[in-house]
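Asker: Residue numbers for the sequence shown follow UniProt numbering, so the first one is 1 and each next one is one higher.
Cβ atoms here follow ideal geometry from the backbone N, Cα and C, with glycine treated the same way.
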Amino acid sequence: MTARSWLKKALRALISGRDEALKQATNDFHKAVKLGQDTIGKLLLANSVDIKLATSSTTSELTVLLAILGSKTPPERRISQERDKILDWLSPIDYLKKQRDILAKHHGKTGKWFLDHPDFRLWMDGGENTILWCRGIRMYTGQGFLLSTYTKVLNSWCRENSDDDECDEPTRTDFLAMLLGSRSTLRLFLTSRKSVDLRAHIGATPSIEIIASTTDIRDYLTTKVLNNDRLLSLFQKDPDLSSQIINTVQDKAGGMFLLANLQIAHISMQSTVRKVRNALNSLPRGIVPFYEQAMERILGQGEEDMILAKKTLSFIFCARRPLSTVELIAALSVEIGDSTFDEDNCPPLHTILSVCVGLVSTDENTGTIGLVHTTLQEYLQEHTSGLLADPHLEMASVCITYLSFRCFSEGPCTDDATLTKRMQQYHFLEYASKNWGAHARYSSQQSLKSVLNFLRSDTNVTSSIQVLHTNSKRTEGWHNRFPRDFTPIHVTAYWGLKEACEVFCQDGDKIDVQDSQGTTALHIAARHGHTALLKSLLAKGARPELVDEKGYTPLIWAGRNGHKASITPLILALRNIWTHDAEGWTALDWAIIGKHYDTAGALLSHYDQAAEATRLNKTLILAAEGGYDEAVGILLDKGACINGTDEEGSTALDFAVSEGKEKVVRVLLERGADPNSQDNYCHTALHWAIAHPKIASLLLQHGAIVDSQNRQKHTPLLWCAKEDQIDTLKLLIQSEAAVNACDEHGTTPLHAAAAKGNETMVKILLDKGADATLKDRDEWTPVHSALIGGHFHLLPIFALKVTNCQSIADNMSKILEDGKNRAWLQETAMEKSHGSVQVSGLRTAVNSGYSERVLALISAGEDINACDSIGGSTALTLAVWLHRLDITRILIENGADVDKPDATGNTALHIAVKDGYEDIVALLLSSGANIDKPLHSWTPLLFASRECHYGCYARIAELLVNNGADVKAADYHGRTALHWAAQWGQCLLAEGLVQKGAPIDAQDRWGMTPLIWASASERTRTETSVINLLLANNANANIETKEGYRPIHLAALAGDLKCLDQLLRHGADPEAGIGTTGPKPLDIARIMKNGATVTLLEGWGATSSESIQWQHARNKATSQGTKKHGSRFLNIDTVPNEVICVENFYRALRDLSTD
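What follows is the structure in structure tokens.
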């Protein structure tokens, strides 16, 4: 059974903060850290306003910058990148981008006072104080710039001390739990508002009051003033003006960087000395007074400028995402009633900025335009005088007018290129299509008439629907991913436009009409959580039992997206709550998958209806996987089978164990779950527990068999060794696991631990009786495994157990000096390294083949590029390996990195090529996959060419060549794609390779050229087109291999008259002997008793050697030809299987001269 059979299994747990693995990791972390030795890891949280805007939650009162010293990770501790996902989960803010954005605006001299502060220097230099508290930060003092400056300094220190810095990779999720309990190994940098008192928690800790330094503000203002061309021209008239500006702004800013920045921007807009002085005299003190004064200036402008400013502020204020500059300009150009886009009505950007009196700014990096500060957004929410009367109504009207343009009445585009051109030409089209209805919903009554008129324009509506359904990541055919027959009732349901929907219902539109995807208005309302509209549709007789093309009812959509309020009305109308979709999921299943536990609870409260056991079992498995212990109990009480299995033979216990859901595991074991139940591939729960020692202990206590084997004879102990799970390994050994048990390839746990270089694990296994001399099927001992992996630090340990350890090391060192040898052996080692096949999260959905579940998890924020720390797959590499084109496309369209490799180094393209998936190869290439990325010297083209005697591989190779693959790349044997094409007689591929510049006479490790391979191949000789092609392109017919034979010798050996004739016609020497003393072509022909060959050669003047023992030579050649190929053991020069027969023959013939 191959790995493919048993990969389709299981889930790996996201490690919780309380499990044994994390506990041990924490202990290891503490032991490794030495105060003052190592470097600083950082976590810069955004300021409270950013967090409020990003999360719509309570403003944070505390930001934390973590400085972790001494984060050396023990070599046996496998670093899990999965933990980084937790940081992304904590907040949607991209802190690295934020840091860069802030630093880009930072004035270099500011913040120096803090960096020179004695308390900071003492903390930074590793003194006794492990905590530094920066208190008293108040709004607008520039704390964001200060913190970014300090973070930059700390990062710089880390880079300068890179030998001590391993803070990028170690797990970070346990840091917060360790903050106040790790003062001996951790230095904390805390910032807080003045109102927050931390002394009760941190004691007598040095603290620095953060203020906006007058020196910092003055330096900043001086730089701004002296770099403004307009002001510089005024200084020529009044040299004292610069100092007046700096002094006045500094005084009126009152220690607030933000206010100083806004004020200097306002002053810089003045055109005369007099206006500058007037502006200085009228500068307000405080942010709110400044905004009030700015609004007065806007209202005091001419009517045209005032309206433009108000529209600009209103559009930016109510936009549902940041607008690009060109989008805003396009929106401002629209006047209600327009039927075409009028470029002459677009206001210039400088005019927009001018009339907004400094309240709007552009970002050159992103091309967006926005309010000058987040505080202005808050101000405008409370003070609307600077906005239009109803910003959302105005934006909705502009969007609808834009979408109603005549150019869009042509309907949707019919190909990708046309749609791309349309969206590039009409900058506001995408925003308008994807947001008009949301703006209209905010002002439903006022916008009703324009909404109704727009929705009666079928072609314009369809054009907008096409754009609405586009993704940012576009693959071939992306223009066609939208539903047809999307009626006005569908549209109103999509946006939740209840009043408009009711109008169309009254006009006689069919309430249950289904679009091309089978979707009704009720489906859409349930999907988007528009409960009021949903109730209205139900009251009008909408049928809740109808299903779309995915088999979804409206109830399933509500459950999938967690719309709790829609559950009860749908259940009351539907009656049958156990209805399931095409993939077999119910509304409850989807709620559990999405972790919408409040919605799941609402569904469970109605689940008093009888259901089939298999239906309950499937839901039980989902609840166990998600750690939803309450649902597990309820489902068991309702009759779910505790040992029921899915299609792979996995039980709820398997899933709970794999995900590390200890509470659920306890519930299941206490209620009788079988810990030794085997899935279809003979895995038990103990196999899935290797990352969770506490759960493994529970299983053993309940009778789990410690040495259970899967179909590859992998035991849990072997998996622990292959995956660096040292804590569980210790537990299993204490439970008397067999330390010398090997898998079907002869690999023992000690082989695996040595290959990983895990010194601690090697010592434990040796102490418990592991045999360091055992050999696997390739005659590798654990010593060989260690050396091939480059783990020479293990030699002293093995030397105590293996008498010839040094001899092995000396021999291996010589072998590994050759990079080609090293690549070959490392490839073999990679094949041996395959262990656990656990998958988790998004990979679980991919593994099960549920495309809708994949989409749901992506929508819920699953990291699409995450790699399982155990098992090692990414979602994309797994989807490709399973040949799921649909899921592969979904992943790519949603941003999957097409070049991210799995744990073995295989990218999605490597896998698709090696498995012959032509359709996926084409998709990956069109999505920008790296076409020449090597794996142990093998490029995708080499992988395909190696198997090109199979039709799909030949087509894949041709596809790669036509897409620019490197035709000169060679594997570790020196073979190019042309060698393979020649060997397998693939003329079309060979022709393409030659046309692209493939080297005709490249010699591999044995000195064989493509022509020699072609001459040696019966397949190629039978159809001489490849040989003719090579010779026609000047292939050297007289080139010799390292053994001294030429193409003509092979043709004579085979008795191939066509091949022999072509070679002779292209200059092959009929008198050439093998080497200096070996037989000539005529000798070979006579050995083989091939009269026609003899005649042909004699016709070209060939002669025989003087003394040949004919019968002896024939017998020896025959004998050599039947010899079995030797061991692979560490000998890259061993002739590959495909040329053994030829090699044996020519060796026999060569030896004739010495017999």
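Compute the Euclidean distance between the alpha carbons of Glu817 and Ala866, then round it to the nearest angstrom.
Answerer: Residue 817 sits at position 817 when you count from the first residue of the sequence shown. Residue 866 sits at position 866 when you count from the first residue of the sequence shown. Roughly 35 Å between the two C-alpha positions.
Asker: Is Gly951 near the ligand ATP - that is, is its Cβ less than 6 Å away from at least one heavy atom of it?
Answerer: As far as ligands go, the structure on display features none, and thus does not contain the ligand ATP.
Asker: Are Ala875 and Leu891 closer than 7 Å when you measure CB to CB?
Answerer: Within the sequence shown, the letter at position 875 stands for residue 875. Within the sequence shown, the letter at position 891 stands for residue 891. Result yes, Cβ atoms of Ala875 and Leu891 sit closer than 7 Å.
Asker: Measure from the alpha carbon of Ser851 to the alpha carbon of each residue in Leu885, Ala823, Met830, Gly757, then state which is nearest.
Answerer: One-based indexing of the sequence shown puts residue 851 at position 851. For Ser851, the nearest C-alpha among the options comes from Leu885.
Asker: Residues in its own chain within less than 6 Å of Thr553 by CB, not counting five upstream and five downstream?
Answerer: For the purposes of this step, residue 553 is taken as the residue at position 553 of the sequence shown. Val547, Thr579, listed in sequence order.
Asker: Which runs of the alpha helix (DSSP H) at least 4 residues long sit entirely within the stretch 512-541? Give them in chain order.
Answerer: The stretch 512-541 contains these whole alpha helix (DSSP H) runs: 521-528, 531-539.
Asker: Relative to the C-alpha of Ala1014, which residue among Gly1044, Gly997, Ala1054 is closest?
Answerer: Walking along the sequence shown from the start, residue 1014 turns up at place 1014. Here the closest residue by C-alpha is Ala1054.
Asker: Using the Cβ count rule (16 or more neighbours within 10 Å means buried), how would you classify Gly302?
Answerer: Against the sequence shown, residue 302 aligns to sequence position 302. Its Cβ having fewer than 16 others within 10 Å, Gly302 is exposed.
Asker: Rounded to whole angstroms, what is the Cα-Cα separation between Lys663 and Glu625?
Answerer: Within the sequence shown, residue 663 is the residue found at index 663, counting from 1. Within the sequence shown, residue 625 is the residue found at index 625, counting from 1. Cα to Cα, the separation comes out at about 11 Å.
Asker: Over the uninterrupted beta strand (DSSP E) stretch that includes Gly370, give me the two end residues.
Answerer: Here the question's residue 370 lines up with position 370 in the sequence shown. Taken as a continuous stretch (DSSP letters only), the beta strand (DSSP E) holding Gly370 covers 368-371.
Asker: Distance, Cα to Cα, Trp719 vs Asp776?
Answerer: Residue mapping note: residue 719 aligns to position 719 of the sequence shown, counting from 1. Residue mapping note: residue 776 aligns to position 776 of the sequence shown, counting from 1. So the two alpha carbons sit approximately 17 Å from each other.
Asker: Could you tell me whether the Cβ atoms of Ile788 and Ala845 are closer together than 7 Å?
Answerer: For this step, residue 788 is matched to residue 788 along the sequence shown. For this step, residue 845 is matched to residue 845 along the sequence shown. Cβ atoms of Ile788 and Ala845: not closer than 7 Å.
Asker: Near His383, what residues of its chain come up, given a Cβ to Cβ distance below 8 Å and the 5 sequence neighbours on each side ignored?
Answerer: The residue given as residue 383 occupies position 383 in the sequence shown. Around His383: Tyr291, Glu292, Met295.
Asker: What is the DSSP secondary structure of Leu882, counted as helix, strand or coil?
Answerer: Here residue 882 refers to the residue found at position 882 of the sequence shown. Coil at Leu882, not helix or strand.
Asker: Considering only their Cβ atoms, is the gap separating Thr401 from Ile352 smaller than 7 Å?
Answerer: In the sequence shown, counting from the first residue as 1, residue 352 sits at position 352. In the sequence shown, counting from the first residue as 1, residue 401 sits at position 401. Cβ distance not < 7 Å, so Ile352 and Thr401 don't count as in contact.
Asker: Below 8 Å on the Cβ atoms is my guess for Cys318 versus His266; work out the distance and round it to an integer in Å.
Answerer: The residue given as residue 318 occupies position 318 in the sequence shown. The residue given as residue 266 occupies position 266 in the sequence shown. Not a contact, Cβ separation roughly 25 Å.
Asker: Could you compute how far the alpha carbon of Ile357 sits from the alpha carbon of Thr907?
Answerer: Taking the first residue of the sequence shown as position 1, residue 357 is located at position 357. Taking the first residue of the sequence shown as position 1, residue 907 is located at position 907. Correcting the residue type first, residue 357 is Val in the shown sequence and not Ile. For Val357 and Thr907, the distance between alpha carbons rounds to 52 Å.
Asker: Identify which residue in Glu991, Leu452, Gln983 has its Cα closest to the Cα of Val967.
Answerer: In the sequence shown, counting from the first residue as 1, residue 967 sits at position 967. Checked all of Glu991, Leu452, Gln983; the closest Cα to Val967 is Glu991.
Asker: With DSSP as the reference, identify every bridge partner of Ser324, one or two as the case may be.
Answerer: Within the sequence shown, residue 324 is the residue found at index 324, counting from 1. The partner list for Ser324 (beta bridge, DSSP) reads Thr368.
Asker: Give me, in chain order, the residues of the same chain whose beta-carbon lies closer than 8 Å to that of Val802; leave out the 5 immediate sequence neighbours on both sides.
Answerer: The sequence position of residue 802 within the sequence shown is 802, counting from 1. So the qualifying residues of the chain are Ala772, Thr773, Thr781, Val783, Ile808.
Asker: Could you name the residues of the same chain whose beta carbon sits closer than 6 Å to that of Leu419, not counting the 5 residues immediately before and after it, in chain order?
Answerer: As a first step, residue 419 is located in the sequence shown; it is residue number 419 there, counting from the start. Here the set comprises Cys413, His479.
Asker: Quick check on DSSP: helix, strand or coil for Val839?
Answerer: One-based indexing of the sequence shown puts residue 839 at position 839. Val839 falls in the strand class under three-state DSSP.
Asker: So, do the stretch 423-435 and the stretch 496-512 have three or more beta carbon pairs nearer to each other than 8 Å?
Answerer: The stretch 423-435 vs the stretch 496-512: no contact.
Asker: Does the stretch 995-1007 come within contact of the stretch 1034-1049, defined as at least 3 CB pairs closer than 8 Å?
Answerer: Contact between the stretch 995-1007 and the stretch 1034-1049 is present, because at least three Cβ pairs lie under 8 Å.
Asker: Between Ile931 and Val880, what straight-line distance do the alpha-carbon atoms span, to the nearest angstrom?
Answerer: What you label residue 931 is simply residue 931 of the sequence shown in a count that begins at 1. What you label residue 880 is simply residue 880 of the sequence shown in a count that begins at 1. Ile931 and Val880: Cα-Cα distance of roughly 16 Å.
Asker: Which same chain residues end up closer than 7 Å to Leu1057 when comparing Cβ atoms and leaving out the 5 residues on each side of it in sequence?
Answerer: Here the question's residue 1057 lines up with position 1057 in the sequence shown. Counting only Cβ-Cβ distances below 7 Å, and skipping sequence neighbours, we find Ala1092, Thr1093, Leu1096.
Asker: Please report the straight-line C-alpha distance between Ile316 and Leu323, rounded to a whole angstrom.
Answerer: As a first step, residue 316 is located in the sequence shown; it is residue number 316 there, counting from the start. As a first step, residue 323 is located in the sequence shown; it is residue number 323 there, counting from the start. One C-alpha to the other measures close to 7 Å.
Asker: Compute the Euclidean distance between the alpha carbons of Met139 and Thr375, then round it to the nearest angstrom.
Answerer: For this step, residue 139 is matched to residue 139 along the sequence shown. For this step, residue 375 is matched to residue 375 along the sequence shown. Residue confidence is low: Met139 scores 45 on pLDDT, short of 50, so the model does not pin down where it sits. Its coordinate-derived value is still stated next. When rounded, the distance between both Cα atoms is 10 Å.
Asker: Counting along the chain, where does the alpha helix (DSSP H) carrying Asp305 start and finish?
Answerer: Numbered from its first residue, the sequence shown carries residue 305 at position 305. Taken as a continuous stretch (DSSP letters only), the alpha helix (DSSP H) holding Asp305 covers 303-318.
Asker: Find out if the Cβ-Cβ distance for the pair Leu555, Leu570 is shorter than 7 Å.
Answerer: The residue labelled residue 555 in the question sits at position 555 within the sequence shown. The residue labelled residue 570 in the question sits at position 570 within the sequence shown. For Leu555 and Leu570, yes; Cβs fall inside 7 Å.
Asker: Considering only C-alpha positions, which residue in the set Lys722, Leu538, Asn617, Cys399 is nearest to Asn758?
Answerer: Within the sequence shown, residue 758 is the residue found at index 758, counting from 1. That would be Lys722, whose Cα lies nearest to the Cα of Asn758.
Asker: Here's the rule I'm using: 16 or more other beta-carbon atoms within 10 Å means buried, otherwise exposed. How should Glu343 be labelled?
Answerer: Taking the first residue of the sequence shown as position 1, residue 343 is located at position 343. Exposed.
Asker: Within the chosen definition, does the stretch 537-545 reach the stretch 515-526 through at least 3 CB pairs nearer than 8 Å?
Answerer: Cβ pair count under 8 Å is three or more, so yes.
Asker: Please go through the same chain and pick out, in chain order, the residues whose beta-carbon is closer than 6 Å to the beta-carbon of Gly627, but skip the five residues on each side of it.
Answerer: What you label residue 627 is simply residue 627 of the sequence shown in a count that begins at 1. Around Gly627: Lys661, Val664.
Asker: Quickly, what does DSSP pair Ala970 with across the bridge? List them, please.
Answerer: Taking the first residue of the sequence shown as 1, we reach residue 970 at position 970. BP columns for Ala970 point to Thr976.
Asker: Leaving out the 5 sequence neighbours to the left and right, which residues in its chain are closer than 6 Å to Leu925 when beta-carbon positions are compared?
Answerer: Position 925 of the sequence shown, counted from the start, is the residue given in the question as residue 925. Counting only Cβ-Cβ distances below 6 Å, and skipping sequence neighbours, we find Asn963.
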